[in-house]
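Residue numbers (the UniProt record's numbering): 399 to 550. Don't be surprised by glycine CBs; every beta carbon is placed ideally from N, CA and C. Bear in mind the structure is a predicted one, so any value in this text is a computation, not a measurement. In what follows, a single structure is set out as structure tokens and then discussed.
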Ligand code: ATP
Ligand code: MG
């Protein structure tokens, strides 16, 4: 199905934005898509971005500032989701896409979850022939970068 990625991202940003605002934060959405139509599954793409934005909110301390940027690069769209949250070690980053993996809690964070969100995100992105990459630093934050081909 043909999806308007600008609209899909805007509604996801609005939805999680309400939760972020309750914690005194905000989501900044920079949309540089000139031709926002891509082929994909609206349900799964919505849940992919919901999961990533939910994580960016949950794994940030109070007043989270989250940046979302969407742009085109040839036949690909690139969406980055950047937080200034708790960040992760290099070892953790290697495991976060595994089912049920969670960074050990305790002094790191006290957020609840199942460790399934990112496993789902990776599986569904691959079903769209997309990719996801992560840059993270403990105490500084994380950036998740997604590549998606515009046509399947
Ligand atoms: P859920 O199934 O509800 O999504 P979850 O958030 O624990 O549970 P994932 O979304 O798969 O599961 O994330 C796996 C782990 O990766 C998290 O438990 C957390 O430790 C770490 N993580 C994910 N996103 C971030 C982020 N933006 N900043 C810091 N740590 C993160
Ligand atoms: Mg999650």
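Worksheet entry | beta-carbon residue 508 near the ligand ATP non-hydrogen atom, thresh 7 Å | Locating residue 508 in the chain shown gives position 110, counting from the first residue. No.
Fill in: Given 8 Å, three or more beta-carbon pairs between the segment 409–417 and the segment 479–498
Contact between the segment 409–417 and the segment 479–498 is absent: fewer than three C-beta pairs spanning the two stretches fall below 8 Å.
Worksheet item: With respect to the beta strand (DSSP E) encompassing residue 479, which residues constitute its N-terminal and C-terminal limits?
Response: In the chain shown, the residue the question calls residue 479 occupies position 81. Per DSSP, the continuous beta strand (DSSP E) segment holding residue 479 begins and ends at 474–480.
Item to complete: Output the boundary residues of the alpha helix (DSSP H) element that contains residue 534.
Response: Here residue 534 refers to the residue found at position 136 of the chain shown. Segment 529–535 is the beta strand (DSSP E) holding residue 534; no alpha helix (DSSP H) there.
Discussion item. So residue 404 and residue 443 are supposed to be a Cβ contact under 8 Å. How far apart are they, rounded?
Written reply: Numbered from 1 along the chain shown, position 6 holds the residue referred to as residue 404. Numbered from 1 along the chain shown, position 45 holds the residue referred to as residue 443. About 12 Å; that fails the 8 Å criterion.
Item to complete: Enumerate in chain order the residues of its own chain whose CB-to-CB distance from residue 458 is below 6 Å, with the five nearest sequence positions on each side excluded.
Response: Along the chain shown, one-based indexing puts residue 458 at 60. 481, 483, listed in sequence order.
Discussion item. Just to confirm the assignment: which complete beta strand (DSSP E) runs, minimum length 3, are found wholly within the segment 415–488?
Written reply: Listed in chain order, they are 424–429, 435–437, 463–471, 474–480.
Fill in: Buried/exposed call for residue 540, threshold 16 Cβ in 10 Å
Here residue 540 refers to the residue found at position 142 when the chain shown is read from its first residue. Flag for residue 540 reads buried.
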